[in-house]
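Q: Shown below is the structure under consideration.
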Amino acid sequence: MRRYCKIQEVCLAHMVASLTAIEFGVVVDDLFGKTKGPLHLSFVRQVAMYLTHIVFEVRIAGVARAFGRDPSTVSYACQTIEDGRDDPVLDAKLLELETALQAARQLDVLQPTQWVG
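Each step along the sequence shown adds one to the number in my numbering, with nothing skipped, and position 104 is 106.
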């Protein structure tokens, strides 16, 4: 796992959530709301939390902080989405998102040295 500062965790979570929200046709701000929201919205949030953890290797606690959730909620989300990969349609969509996010990760835009003037 990579170590990120809290600001980086939040930036990564918002980047992942933005891409995920576009892909699933929801409003990104709703993924960070205090309430669970409708089932579809909860699922999209779970996908975003899963991708933040898997692609960027943000620790569960960091993902939880960034999304304003409990670490056990993030753990559950990651397990749920991983189990859901048995569905070929979901797996294909996740693969597409992972590929796009891996490309962003290769840019390494969130390195601390790039944040200093």
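All residues carry an ideal CB built from backbone N, CA and C; glycine is no exception.
1) Which same chain residues end up closer than 6 Å to Ala63 when comparing Cβ atoms and leaving out the 5 residues on each side of it in sequence?
2) Return the chain-ordered ranges of every alpha helix (DSSP H) run that is complete within the segment 26 to 78 and spans a minimum of 4 residues.
3) Could you give the distance in angstroms between the alpha-carbon of Glu84 and the alpha-carbon of His42?
4) If you compare alpha carbons, which of Thr75, Pro90, Val49 is closest to Lys36?
5) Measure the alpha-carbon distance for Ser44 versus Leu33 and round it to whole angstroms.
6) Is it the case that the Cβ atoms of Leu97 and Glu25 are separated by a distance below 8 Å?
7) Taking Cβ to Cβ, would you say Leu103 is nearer than 8 Å to Val57?
8) Do Met51 and Ala106 have their C-beta atoms within less than 8 Å of each other?
9) CB-CB under 6 Å to Val118, same chain, minus the five flanking residues each way: which ones, in chain order?
10) Taking C-beta to C-beta, are Ala68 and Thr54 nearer than 8 Å?
A: The short version:
1) Position 61 of the sequence shown, counted from the start, is the residue given in the question as residue 63. Cβ within range, chain order: Pro73.
2) 41 to 58, 62 to 69
3) The count along the sequence shown starts at 1 and reaches residue 84 at position 82. The count along the sequence shown starts at 1 and reaches residue 42 at position 40. Cα-Cα distance, rounded: 17 Å.
4) Here residue 36 corresponds to residue number 34 of the sequence shown, with the count starting at 1. Minimum Cα distance to Lys36 is reached at Thr75.
5) Here residue 44 refers to the residue found at position 42 when the sequence shown is read from its first residue. Here residue 33 refers to the residue found at position 31 when the sequence shown is read from its first residue. If you take the alpha carbons of Ser44 and Leu33, they lie about 8 Å apart.
6) Residue mapping note: residue 97 aligns to position 95 of the sequence shown, counting from 1. Residue mapping note: residue 25 aligns to position 23 of the sequence shown, counting from 1. Their beta carbons are not under 8 Å apart, which means Leu97 does not touch Glu25 by this criterion.
7) In the sequence shown, residue 103 corresponds to position 101, counting from 1. In the sequence shown, residue 57 corresponds to position 55, counting from 1. In this structure, Val57 lies closer than 8 Å to Leu103 by Cβ.
8) As a first step, residue 51 must be located in the sequence shown, where it is residue number 49. As a first step, residue 106 must be located in the sequence shown, where it is residue number 104. In this structure, Ala106 does not lie closer than 8 Å to Met51 by Cβ.
9) The sequence position of residue 118 within the sequence shown is 116, counting from 1. Reliability of the predicted coordinates at Val118 is poor, the pLDDT of 45 falling under 50, and no value is obtained from them.
10) Here residue 68 corresponds to residue number 66 of the sequence shown, with the count starting at 1. Here residue 54 corresponds to residue number 52 of the sequence shown, with the count starting at 1. Cβ distance < 8 Å, so Ala68 and Thr54 count as in contact.
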